[in-house]
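Down below is the structure, laid out as structure tokens.
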Amino acid sequence: MTCGKRLFNVRGEFQRFYGAAGRSARGTMTEGGKKPSLDELDAKIRAAKDHAGLSQRQKLGKDRGNGDQARGLSFAIRLGTELVAALMIGVGIGYFLDRWLETGPWFMIAFFFLGAASGIMNVYRAALGYDSAVGYHPADGEEGDKDESDPNRR
Amino acid sequence: MAGPLAQFEIKAIGGEAGVSLAEQSPYVFTNSALWMVITVAAITIFMVLGMRKREMVPGAWQSMAEASYEFISGMIRDNAGDEGRRFFPFIFSLFMFVLFGNLMGLLPYSFTFTSHIIVTAVMAVFVFVGVTLVGIAKHGLHFFSFFVPSGVPAFMIPIMVPIEIISYLSRPVSMSIRLFANMMAGHTMMKVFAGFIVPLGFFGVAPLIMDVALTGFEVLVAFLQAYVFTVLTCLYLNDALHLH
Amino acid sequence: MAKTRKGMMIAAAAAAMMPGVALAEGGLPQLNPVSYPTQVFWLVVTFAVLFLLMWKVALPRVSETLSNRQQKLSGDLQKAADLKEEAEKAQADLEEALASARAEAQAVLRKASEEIAAEQAKRLEAFDADMAVKAEEAEKRISAAREAALKSVKDVAGEVALAAVEKLSGDAADQAAVTKALDAASKANG
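Those protein sequence lines, which keep their order, are chains A, B and C.
For the first sequence, the residue numbers in full-length UniProt numbering are 1 to 154.
For the second sequence, the residue numbers in full-length UniProt numbering are 1 to 244.
For the third sequence, the residue numbers in full-length UniProt numbering are 1 to 190.
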């Protein structure tokens, strides 16, 4: 196979050489020579480089896409417990304050409402995508930071 | 036949014979402890043996080990930023522990330690206290400005601060209850359906199919709960690192 | 024993906080505080072991492998790019060499054909010259032969004329007169 190819090539060279008298040699050279394959190689290398270089950024984007999906699911799971948990904490605090200060049911009643408010706020924040439970600010601010941070952080 | 809740019973292994759990040493080895040990062993085998060849072109096993690494790495990067990178070993361990605990709990005759509130609560409280300490270490007393939401009228502050504190304190509660309740509910449901298979005779096929479907669903839940637990850890960490 | 009692106290305290825990024996095993100390203890132990194993053993291996791969990948790509450049250069060199070889060959061919043409021209010229000389010689020879022949014809004619005159007239003819007559005749004939 290689031998035949070599032979063919030699013949091609011969033809090209002897044909050179009649027509321009350079034209045939660029058409039939190895240049196209080199161009292909160049394209391949560039593609591979792009892939390797960009893979992190692409992966980040992909991760985020997956993360958004998983986040959506996890968000649905979270809502119920967020509400109940805050209510439990509120009632618990009220109960212990009442026992400590012997103030009857008043702290418990007050903290029941505070707990409910807190639970609703948890749900509200989670629903708006603020994610973290405390503080009013959306997480977008530091999301921006994350995007700018250098790619070799891992 | 044992009830659907018998699977959550803690039983001493070894220890003093013929004595109820209450009279055993508090450090007695139990079925729960056994499955924690098995989980740790499984994770270690998965990670260490999977990476033993350290191949440039990884096989299926090594790919899975690397994928779990990159999954948590990406999760921390996306949710807690660069500074969260320091806590990678802990968060990775946490995720794998919960995930493997959930998944191995699906094996027949196994025990799901994540279906116990005390286990999930200890993990959640540890994360909660740890994250709070990280926040205080990083921001000092300024950390407590966290509980005073900005842009709120002054007269609202006496109401808002307790609400915020309750909200903050509810984090470990919701984290632990969510994981425990999900794992327990799934396992109880499977057991209930399983209990119908034999008594129903031929019609036991229906609960059997139901159990097969539930098993698939539980695998998803096992993963999702581990994910939620870990993502929330990352988010809380992010809050502590970058005060709003 | 003291530890057991402490565990029980913790359990009792927990039981006091949880409504409905008194029913724990028949209810949820998860709410039975008796099991809490051992679970917490083993959770802490196993998780600490897991954390140390991951931190010190497993994760460094993964990160090392990943960074090695990244390095190898970028290194290989760099190498491929370098090799490609080299190949391009080699190709350019080859093309140049081919072009110059072709030009050289053409020059050689041209020169050869010119040489051959010159040689041929020279030879043709020499041949022409040679032929001219030979033709001249031949002409000379022919004219000499003709003259000789003519002369011998004249002699023969003279002798014939003499003999004829002798036969006709019977006496010897005048040699001079015959010659004179023959000259006139040959002059008339051209």
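Note that CB positions come from ideal geometry on N, CA and C, so glycine has one too.
Which value, in whole angstroms, describes the spacing of the CA atoms of B/L169 and A/E82? Each residue's CA atom was taken as its position, placing B/L169 and A/E82 some 11 Å apart.
**Prompt:** Under a Cβ-count criterion, where at least 16 other Cβ atoms within 10 Å of its own Cβ denotes burial, should A/T103 be classed as buried or exposed?
**Reply:** exposed
Discussion item. Based on DSSP bridge pairs, tell me the residues matched to B/A12.
Written reply: B/T30
Shortest alpha-carbon distance to B/T39 belongs to which of B/M210, B/H139, B/L208, B/L99?
B/L99
### Query
Which first and last residues belong to the alpha helix (DSSP H) in which B/I45 is found?
Unbroken run through B/I45: none, as it is neither H nor E.
Express the C-alpha separation of B/S150 and B/F217 in angstroms, rounding to a whole number. If you take the alpha carbons of B/F217 and B/S150, they lie about 42 Å apart.
Practice task
For C/K84, go through chain A and note every residue whose CB falls closer than 7 Å to its CB, in chain order.
Solution key: L38, L41, D42, I45
Handout entry: B/T112: first and last residue of the uninterrupted alpha helix (DSSP H) it sits in
Key = Where B/T112 is concerned, there is no enclosing alpha helix (DSSP H), given that its DSSP letter is neither H nor E.
query = Nearest to C/P33 by alpha carbon, out of B/I43, B/I45, B/I10, B/P4?
reply = B/I10
CA nearest to the CA of B/I209, picked from B/L220, B/F196, B/V221, B/V219: B/F196
Go ahead and label B/Y69 buried or exposed: buried means 16 or more other beta carbons lie within 10 angstroms of its beta carbon, across all protein chains shown.
buried
task: Find out if the Cβ-Cβ distance for the pair A/F111, A/G80 is shorter than 8 Å.
output: no
Along the alpha helix (DSSP H) that carries A/G104, what are the first and last residues, could you check?
That residue, A/G104, is in no alpha helix (DSSP H); it is neither H nor E in DSSP.
Practice task
Kindly indicate the opening and closing residues of the alpha helix (DSSP H) around C/A123.
Solution key: For the record, residue 123 of chain C in the displayed sequence is Arg; it is not Ala. Where C/R123 is concerned, the enclosing alpha helix (DSSP H) stretches over 59–169.
Exercise for review: Taking only beta carbons into account, state which residues of the stretch 77–106 of chain B come closer than 7 Å to chain A, listed in chain order.
Suggested key: R77, D78, G81, D82, R85
Beta-carbon gap between C/L50 and B/S93 smaller than 8 Å: yes
Q.
Strictly below 9 Å CB to CB, what residues from chain B border A/R78?
A. At a C-beta separation below 9 Å, A/R78 has these neighbours in chain B: S174, R178, V228, L232.
At a CB-CB cut-off below 7 Å, which residues of chain C make contact with B/H116? Q30, Q39
Leaving out the 5 sequence neighbours to the left and right, which residues in its chain are closer than 6 Å to B/F193 when beta-carbon positions are compared? P207, M210, D211
(message) Taking beta-carbon pairs under 8 Å, can you tell me which members of the stretch 102–124 of chain A lie near chain B?
(response) If the cut-off is 8 Å between Cβ atoms, the stretch 102–124 of chain A has F111, L114, G115, A117, S118, G119, M121, N122 near chain B.
Are the C-beta atoms of A/R57 and some chain C residue less than 8 Å apart?
Residue placement at A/R57 cannot be trusted, given a pLDDT of 42 that sits under 50; the coordinates are not used to answer.
| said: Looking at B/F90: is its Cβ nearer than 8 Å to the Cβ of B/A65? | reply: Contact: no.
| Just by C-beta distance, which residues in the stretch 80–100 of chain A are closer than 7 Å to chain C? | none
With 16 as the cutoff for other CB atoms within 10 Å, does A/G135 come out buried or exposed?
-> For A/G135, the predicted structure reports a pLDDT of 43, less than 50, and the residue's modelled location is therefore unreliable. The matter cannot be settled from this model.
Listing by chain order, which chain C residues have their CB less than 7 Å from the CB of B/Y27?
-> T38, F41
Based on Cα-Cα distance, which residue from B/M104, B/F29, B/A41 lies nearest to residue 277 of chain B?
No answer is possible for residue 277 of chain B: it lies beyond the span of chain B, which begins at 1 and ends at 244.
* Does any residue of chain A bring its CB to less than 8 Å from the CB of residue 224 of chain C? -> Nothing in the structure corresponds to residue 224 of chain C, since chain C is present only between 1 and 190.
**OP:** Look at B/A33 and C/T38 and say whether their C-beta atoms are less than 8 Å apart.
**Re:** yes
For chain B, is any of its Cβ atoms less than 8 Å away from the one on C/K111?
-> no
Using 8 Å as the limit for Cβ to Cβ distance, is A/A126 near chain C?
Using a Cβ-Cβ cut-off of 8 Å, A/A126 does not count as an interface residue toward chain C, since no Cβ of chain C sits closer than that to its own.
Please list, in chain order, the residues of the stretch 48–77 of chain C that have any C-beta partner in chain B closer than 8 Å.
Under the 8 Å Cβ criterion, the stretch 48–77 of chain C contributes V49, L50, F51, L53, M54, W55, V57, A58, L59, R61, V62, S63, E64, T65, L66, N68, R69, K72.
By the criterion of Cβ-Cβ separation under 9 Å, what are the contact partners of B/F8 in chain C? L28, P29, Q30
For a cutoff of 8 Å on Cβ pairs, would you count C/A24 as touching chain B? Caution applies to C/A24, whose pLDDT of 39 falls short of 50 and renders its modelled position unreliable; the model cannot decide the point.
- [ ] Starting from the beta carbon of B/L133, find every residue of chain C whose beta carbon is closer than 7 Å, and list them in chain order.
- [x] Within 7 Å Cβ-Cβ: nothing; B/L133 doesn't reach chain C, min ~17 Å.
**Asked** With C-beta atoms as the reference, is B/Q225 less than 8 Å away from B/M184?
**Response** no
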